[in-house]
Structures are given as structure tokens and as C-alpha cells.
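> This is the structure, below, for whatever I ask next.
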Amino acid sequence: MLEGEPAIFEKFAAEIAAFQHQDAKTTKDGKPLRGFHAKIHTGVMAEFEILPDLPAHARYGAFAESRMFPAVVRFSNGESTIHPDTNHEPRGIAIKLFGVPGRKLLQGREDAVTQDFLATSHSVTSAVRNVNQFMKFVRAHRYSPKIMALRLFFTMNTFELLRIRKILNRDVLQSDVSSMAMEEYFGTAPIRFGPYAVKFSIKAVGETAKTIDRLVRTKDFLREELAERLRKEDLVMDFKIQFYADDTSTPIEDTSVLWQTEPLTVARLRIPRVDLDDELSRKLSRKVDALSFSPWHAVEDHRPLGNIMRARRVAYEMSSRLRNVRPEPTGVPLPD
Ligand code: HEM
0 MLEGEPAIFE
10 KFAAEIAAFQ
20 HQDAKTTKDG
30 KPLRGFHAKI
40 HTGVMAEFEI
50 LPDLPAHARY
60 GAFAESRMFP
70 AVVRFSNGES
80 TIHPDTNHEP
90 RGIAIKLFGV
100 PGRKLLQGRE
110 DAVTQDFLAT
120 SHSVTSAVRN
130 VNQFMKFVRA
140 HRYSPKIMAL
150 RLFFTMNTFE
160 LLRIRKILNR
170 DVLQSDVSSM
180 AMEEYFGTAP
190 IRFGPYAVKF
200 SIKAVGETAK
210 TIDRLVRTKD
220 FLREELAERL
230 RKEDLVMDFK
240 IQFYADDTST
250 PIEDTSVLWQ
260 TEPLTVARLR
270 IPRVDLDDEL
280 SRKLSRKVDA
290 LSFSPWHAVE
300 DHRPLGNIMR
310 ARRVAYEMSS
320 RLRNVRPEPT
330 GVPLPD
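For the sequence shown, numbering that gives the first Met the number 0 begins at 0 and goes up steadily by one.
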């Protein structure tokens, strides 16, 4: 932990909250949206099955025994304001498991029964090394591209700036997402796995139907594609972990290094077939949208690790307080 970190992270969270207030002026009801990932595609019920016969080193925390946890999933776009889905931006998946035993990390919510996993595709965090660099991009992104470039030029080391720009150009600015189901999502920053450190990722299983690319990409085509898919079949995704090996190839503090250790599938996320357009589904989606997802809704065995994660602890708390989120739910179905 760096000296003065708590104060720096409070300042970052307050900056994000200030942006939320600014952006709220452009929303229909004037209410603040999430600090990031404001646009929901859908919120759905799911099952998270811990696979049987996991090796001993993969049996910790929620994965200690083979069982099924009921869950809810929120699919989102990454920006803090709402754009048509054709916009190039990160995409997110947030999973909340229910009935996970053990004391939870957040003060005042030690008895919660939830464990969250958040992951993104085409993310900014996998280009930056740390939360300082992340915030420089977040601040600069509030301006027009020209001013953004100037601000970054004056606030960042040129080599680092060029390195990050190259990755962002490739991974975010030119990303072509045709289906939320076909994306590969990465936790990007590590978490504990009992005595170990791991990174996790989520991807649809091999036999998942490929996207039928749409002739017209409407502003909400990612939701429409999911709806079409889920009307016909379950969506099944593998949840994989990669173990820490050493500080050079799998660093904890530098999120720009892609861990190359062998992935191990430890769980399967199943979103059962459903009609996203019926009234019950729409109501559930609204309830899921009103929740707070955070990597810090976690047991000690899955404690988030590294500076990005420590900063997220404060930022998610502040952002969700601003949105007046409901108390952590105690189970499903979600209360009205
Ligand atoms: C490891 C990299 C990261 C990943 C994978 C990630 C993923 C996500 C996802 C999936 C969501 C949407 C959650 C939902 O559906 O409710 C989200 C929201 C959010 N993220 Fe991140 N994020 C990352 C890094 C960061 C960082 C570095 C910050 C700021 C320091 C941050 C701040 C936020 C905030 C404020 C929200 C909205 C929280 C709320 O109002 O409930 N994230 N993030």
C-alpha cells in the first residue's frame, strides 16, 4: 500500500461523484447514474454452479464445495453516460451470488449473503498500469478529443502515453461488439482465492450459438440480440481462474500485464431461457439495476487485491450511495 493511499482514493471517488452530479443534469429525471457502466442491457436471474471434482487448490471461498448458487446478472456498457450501443466503449458483466457463507468485507455488511464478480471486455484498466493512470484517462475523457490529447500529453510520461494509446486504439476505440453473449470478460485486477491470488474471466461455452449479425444496428441492438438469443436458449458461460505465478509475469499491482498462466474452469454460469420483453422480466431488470455490485461485496477468501481494487472500494461505495441503492438483498426473488 502506497503512503497516503486512503486520502488519494477518497479524492478519486469524490471526482467520480462530481462527474455523476454533472452528468445527472442530462438525465430525464435529474438523478445520478452509476459512475461507470450506466447503461444496462438487462438484469436477469441466473444459476452459478460450482463444478464438481475441483482440485484442492481451487476449493476456497464460494468454490469450497460443488453446489449451485442462485444469482443475478447485470449486463452493461462501460461509459458513465448513455450512448447508442454502436459507441466504442468497454462492456460489463456483474454477477451477484446469493447464499454465500462467511463474513463479508464491507463494514456494516459483514452478515450479507452476497458475493459479487465484476468483469469487463475492451477495458481501459487492462491498458493502464495503476489507478493513477486510470484516473488521468477518466479526467481527460471528459473533454473533446483534442483537449483530451493535450491534457494527457502534459500529465503523463510520453512513452507510457503512447503505449496506452496504442492499446486503447486497438482494444476500445476499434472494438466491434456484436453480442454481449459472445464477449470474453476479464476481472482484470486480482482477487484472493484462499491463500492464493487469481484473476478470473467469463466466456460463453463453445457450443453457444454464434451471433446473427444484424443488418441494422439500432441504438439498443445489444439488448435486442440478447433478447432474441434468450428467447430460444439458455446462455451458459464458463467462469475461469488463473493463478498467480510470480511478480513479473503475474503482477498484483500492474493491471496492464495479461496473466498467461493456464486457466482452470471452476464454475458455470447459466442464464435460463427467458423472454426479456415480458412484464416480469422488465420488472426484474429494473430491480437489478437498482442494486449495487462491487468487487468488495466479497468474503475474505476473495478479497480484492492491488491498488486498482483498493481504489474501487471507496469509488463503488460513494457512487452507489449517490444513487440511493437498496440495502444488499438477502436472497431471491428480489424484494419489491
Ligand atoms: C479491474 C478493473 C475494473 C472492472 C473489471 C470494472 C468493472 C465494472 C463493472 C462491470 C461495473 C458495473 C457494475 C454494475 O453492473 O452495477 C462497474 C461499475 C463501476 N466502476 Fe468499475 N471496473 C473496474 C475498474 C474501476 C476503477 C479503477 C474504478 C474507479 C476507481 C471503477 C469505478 C466504478 C464505479 C464508480 C462504478 C459504478 C458503481 C455503482 O454505482 O454501483 N471501476 N465497474
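The beta carbon of each residue, even a glycine, is placed where N, CA and C say it ideally should be.
Please read all numbers here as calculations on a predicted model, not as lab measurements.
Considering just the uninterrupted stretch of the alpha helix (DSSP H) at Lys282, what are its terminal residues?
Looking at the DSSP string, the run of the alpha helix (DSSP H) that includes Lys282 is Glu278 to Asp288.
> Using 8 Å as the cut-off, classify the Cβ of His87 as near or not near the heavy atoms of ligand 1, replying yes or no.
The answer is no for His87.
> Should Ala93 go down as buried or exposed, given a rule of 16 or more other Cβ atoms within 10 Å for buried?
Label assigned to Ala93: buried.
> State yes or no: is the C-beta of Ala118 nearer than 8 Å to some heavy atom of ligand 1?
Under cutoff, so the answer is yes.
> Cβ of Arg33 within 8 Å of any heavy atom in ligand 1?
Correct: Arg33 has its Cβ closer than 8 Å to ligand 1.
> Less than 8 Å between the CB of His36 and some heavy atom of ligand 3, yes or no?
Ligand 3 is absent from the structure shown, which contains only ligand 1.
> Excluding the 5 residues flanking Ser284 on each side, which residues of the same chain have their C-beta closer than 8 Å to its C-beta?
Excluding positions up to five away in sequence, the list reads Ile39, Thr41, Gly42, Val43 and Leu275.
> Determine whether the beta carbon atoms of Gly101 and Ser120 lie at a separation below 9 Å.
No; because the gap between Cβ atoms is not below 9 Å, this pair is not in contact.
> I'd like the list of long-range same chain contacts for Asp110, defined as Cβ closer than 8 Å, with 5 residues on each side in sequence excluded.
These residues qualify, in order along the chain: Arg102 and Lys103.
> Taking Cβ to Cβ, would you say Arg281 is nearer than 9 Å to Arg33?
No, these two residues do not count as a Cβ contact at 9 Å.
> Reducing DSSP to helix, strand and coil, say where Ile251 ends up.
The answer is coil: DSSP assigns Ile251 none of H, G, I, E or B.
> Only counting the same chain, and skipping five residues up and downstream in sequence, which positions put a Cβ closer than 7 Å to that of Leu263?
Cβ neighbours of Leu263 beyond the five flanking positions: Ala57, Lys239 and Ile240.
> Buried or exposed: Val235, going by 16 or more other Cβ atoms within 10 Å of its Cβ?
Label assigned to Val235: buried.
> Contact defined as beta carbons within less than 8 Å: I believe Arg216 pairs with Thr85. What is the distance between those atoms, to the nearest angstrom?
Rounded, the Cβ-Cβ distance is 5 Å, consistent with contact.
> For ligand 1, I want to know if Phe136 counts as a neighbour, meaning its beta carbon is within less than 8 Å of at least one of the ligand's heavy atoms.
No, ligand 1 has no heavy atom inside 8 Å of this Cβ.
> If contacts are defined as beta-carbon pairs under 8 Å, then Phe152 and Leu160 qualify, I think. What distance do you get, rounded to the angstrom?
Confirmed, about 7 Å.
> Extract the residue ranges of the beta strand (DSSP E) inside the segment 131-188, only unbroken runs of 3 or more that lie entirely within it.
Listed in chain order, they are 183-185.
> Assign Tyr59 to buried or exposed, taking buried as 16 or more other Cβ atoms, counted over all protein chains shown, within 10 Å of its Cβ.
Classification of Tyr59: buried, given that the 10 Å Cβ count is 16 or more.
> Return the residue from the list Pro303, Glu278 and Arg320 that minimises the CA-CA distance to Ala289.
The residue with the shortest Cα to Cα distance from Ala289 is Arg320.
> In chain order, which alpha helix (DSSP H) runs of at least 4 residues are fully inside the segment 210-245?
The qualifying runs are 220-231.
> Taking only runs of the beta strand (DSSP E) that begin and end inside the segment 25-66, which ones reach a length of at least 3 residues, in chain order?
You should have 39-49.
> Decide if the segment 66-83 is in contact with the segment 206-214; the criterion is three or more beta carbon pairs, one per stretch, under 8 Å apart.
As far as the Cβ criterion goes, the segment 66-83 does not touch the segment 206-214, which means the pair count is below three.
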